[in-house]
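Read through the structure below, which is laid out as structure tokens, and then see the notes.
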Amino acid sequence: MAFELPSLPYAQDALAPHISAETLDFHHGKHHNTYIVNLNNLLGDAAGSSDADLEKVIMDSAGDASKAGVFNNAAQIWNHTFYWNCMKPNGGGKPTGDLAAKIDAAFGSYDKFKEEFKNACVTQFGSGWGWLVVENGALKITKTPNADTPMAHGQTALLTCDVWEHAYYIDFRNRRPDYVETFLNHLVNWDFVAKNLADAG
Ligand code: MN
Numbered sequence: 197m198a199f200e201l202p203s204l205p206y207a208q209d210a211l212a213p214h215i216s217a218e219t220l221d222f223h224h225g226k227h228h229n230t231y232i233v234n235l236n237n238l239l240g241d242a243a244g245s246s247d248a249d250l251e252k253v254i255m256d257s258a259g260d261a262s263k264a265g266v267f268n269n270a271a272q273i274w275n276h277t278f279y280w281n282c283m284k285p286n287g288g289g290k291p292t293g294d295l296a297a298k299i300d301a302a303f304g305s306y307d308k309f310k311e312e313f314k315n316a317c318v319t320q321f322g323s324g325w326g327w328l329v330v331e332n333g334a335l336k337i338t339k340t341p342n343a344d345t346p347m348a349h350g351q352t353a354l355l356t357c358d359v360w361e362h363a364y365y366i367d368f369r370n371r372r373p374d375y376v377e378t379f380l381n382h383l384v385n386w387d388f389v390a391k392n393l394a395d396a397g
């Protein structure tokens, strides 16, 4: 089986009015799908082998300039599937429980976390991603350019915001800060983030 486009974890119009069905139609149906078509083409017969594991493809190509095309498309597939799961209808606001305590401990308060996460997303020059990750047991906010992804840096991703223009231009035009603010206030699926934290041990 070659790699396939995973379904969105909600209906295409479920995030409206914050992120429109039109954005998800293009972002999931066109952009995410193109990375899958590209990766299957690049891998050829290997995409159909029983050990075609996406994380393995990412790690085997990370840092190897001769495999940049494979890395970029594989990492973008992983990043997008992760990003869809980082959102839900009626999400956002403050997390609770152990996750909230760890965010307070790492950043001082939820408001400080929010400021730092938003700053990372807004200051990523050009295309890329803002992240909350775990590295050596500590929560950190990072940003990556283009397709780059935390697992290639020994980090475990907890939360991401896609800051490529295709993620927000239909709904927010050039206003990336408003998109990130909306993402944090109305869309973050904190249950998914908490599960990622628990899985990270
Ligand atoms: Mn994207």
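Be aware that the sequence shown starts at 197, since it is given in this note's numbering, and climbs by one per residue.
Quick reminder that beta carbons are idealized off the backbone N, C-alpha and C, glycines included.
query, result
"To the nearest whole angstrom, what separates the beta carbons of residue 384 and residue 354, a pair I think is in contact under 8 Å?", "Contact flag wrong, Cβ pair sits at about 11 Å."
"Determine the contact status of residue 271 and residue 316, defining contact as a CB-CB distance below 8 Å.", "no"
"Is residue 343 a contact residue of the ligand GTP, with contact defined as CB to any heavy atom under 7 Å?", "Although the ligand GTP was asked about, the structure shown includes only the ligand MN as ligands."
"For the ligand MN, I want to know if residue 214 counts as a neighbour, meaning its beta carbon is within less than 7 Å of at least one of the ligand's heavy atoms.", "no"
"Rounded to whole angstroms, what's the CA-CA distance from residue 335 to residue 242? Just pull it up for me.", "36 Å"
"When you measure from the CB of residue 271 to every non-hydrogen atom of the ligand MN, does any distance come out below 7 Å?", "no"
"Give the list of continuous beta strand (DSSP E) stretches no shorter than 3 residues that lie fully inside the region 351 to 391.", "352 to 358"
"Just to confirm before moving on: does the CB-CB distance between residue 352 and residue 330 stay below 8 Å?", "yes"
"Does residue 159 pass the burial test, meaning 16 or more other C-beta atoms within 10 Å, or should it be called exposed?", "This structure cannot speak to residue 159, because the chain is shown only from 197 to 397."
"State yes or no: is the C-beta of residue 382 nearer than 7 Å to some heavy atom of the ligand MN?", "no"
"Roughly how many whole angstroms lie between the Cα atoms of residue 300 and residue 311?", "13 Å"
"Output the residue ranges of the alpha helix (DSSP H) runs that lie fully inside the region 288 to 332 and measure 4 residues or longer, sorted by chain position.", "293 to 303, 306 to 319"
"Compare the Cα-Cα distances from residue 377 to each of 393, 326, 387 and report the closest residue.", "326"
"Rounded to whole angstroms, what's the CA-CA distance from residue 269 to residue 231? Just pull it up for me.", "5 Å"
"Determine the burial state of residue 256: buried for a count of at least 16 other Cβ atoms within 10 Å of its Cβ, exposed for fewer.", "exposed"
"Based on Cα-Cα distance, which residue from 358, 341, 205 lies nearest to residue 388?", "205"
"Tell whether a beta-carbon distance below 8 Å holds between residue 285 and residue 220.", "no"
"The ligand MN heavy atoms versus the CB of residue 353: any closer than 7 Å?", "no"
"Just to check, is the beta-carbon of residue 363 closer than 7 Å to a non-hydrogen atom of the ligand MN?", "yes"
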